[in-house]
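Under the numbering used here, the sequence shown is numbered contiguously, ending at residue 250. Cβ coordinates follow ideal geometry from the N, Cα and C atoms, glycine included. Quantities reported herein were computed from a predicted structural model and do not represent experimental measurements. Written out below as structure tokens is the structure these notes cover.
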Amino acid sequence: MNSQASFARALLDPGLECPGGLTTWNGSDPEDRFAVYRNNVTVSLVDALADTFPVVQELVGEEFFRAMARVFVQAHPPRSPVLAHYGASFADFVQSFAPAASLPYLSDVGRLEMCRVRAYHAADVPAAQPEALQAVLTDPRQLVSVRLGLHPSLQVVESRFAVFSIWAAHQGAGSLSSVDPAVAQTALVFRGGLDVEVLELTACAGQLVSALQRGITPVEAAAAAAANGGDPASELANAITLLIRFQIITTITTGDDHREHSH
């Protein structure tokens, strides 16, 4: 292991000794200076996680969160100097973190919060022209084969728990005490302008939006959803209406000529 790798490893693992060969400009003890530097680096990474996962922190309390985050930081050091997406695997870590087992919904709340960060930093892509959308979506012949490109910030979060209501309660929308965590919910995360939006969807609508995002045609998506019961045609109409309303559809590719219509 080279000296840089050894230094980085010791920086995040308090169980390792101070790397040898360090000197200080003022003659102070290198081990003391390294301990201060190590603590500052860890604190800054824990702070970054607290900024990304504020609701997770509120649910478990600051002391518990920071202790949990320190364990994560030591096991998962950043791989990029850009910390905007640091913590991408934090929700998976939380799910397997035994002391947090009494809050089984905690990891999904973390996934929703990470989706908000990704949405905020996603690329800007203009919405498709409303006229082109209307022409295709009202033409049964084209509707059979059309594929809709969706904004890169769009993400669907499916959970066995009331992930949307728990998150929303911490934004002042409702009371956490009135939320039943065991109720499954689906959330839609996307950026509208400069603001990241989070909306609740039905499970069927979430599956339909995910199918459209994968490049499946609306007709194929509705047919697949029909196997699960309910009214997928109505759900699909509502989902597409929502996507149009929030200008989430960015491209329209028709099966007849493979032309792509955008802005």
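Residue interval of the beta strand (DSSP E) (run including residue i)
i, result
"L175", "Q172 to G179"
"V185", "D182 to L188"
"E134", "The sequence shown places Arg at residue 134, not Glu. Taken as a continuous stretch (DSSP letters only), the beta strand (DSSP E) holding R134 covers R134 to L137."
Residue burial classification, residue i (beta-carbon count within 10 angstroms, cutoff 16)
i, result
"T29", "buried"
"T241", "buried"
"A85", "exposed"
"L120", "buried"
"D126", "exposed"
"I239", "buried"
"D95", "buried"
"T228", "exposed"
Between the CA atoms of residue j and residue i - distance to the nearest angstrom
i, j, result
"S164", "E187", "19 angstroms"
"V60", "I231", "41 angstroms"
"N225", "Q234", "14 angstroms"
"L124", "F40", "39 angstroms"
"V112", "V42", "29 angstroms"
"A212", "Q194", "7 angstroms"
"A75", "R128", "42 angstroms"
"L223", "W154", "26 angstroms"
Minimum C-alpha distance to residue i - residue among the options
i, options, result
"A109", "N225, V206 and A71", "A71"
"P219", "A198, F52 and S67", "A198"
"L93", "A122, S146 and A115", "S146"
"C102", "A155, L223, G136 and R178", "R178"
"S152", "H138, T173 and S132", "T173"
In DSSP terms, what residue i is bridged to
i, result
"E145", "T173"
N- and C-terminal bounds of the alpha helix (DSSP H) containing residue i
i, result
"T237", "Per DSSP, T237 belongs to no alpha helix (DSSP H); it is in the beta strand (DSSP E), I236 to T240."
"R57", "E49 to A62"
"R105", "L93 to H108"
"D79", "F77 to Q82"
"L230", "P219 to R232"
"Q129", "P127 to L130"
"I153", "V150 to A156"
Near the ligand FMN: residue i beta-carbon under 6 angstroms from a heavy atom
i, result
"L175", "With respect to the ligand FMN, the structure offers nothing, as it holds no ligand at all."
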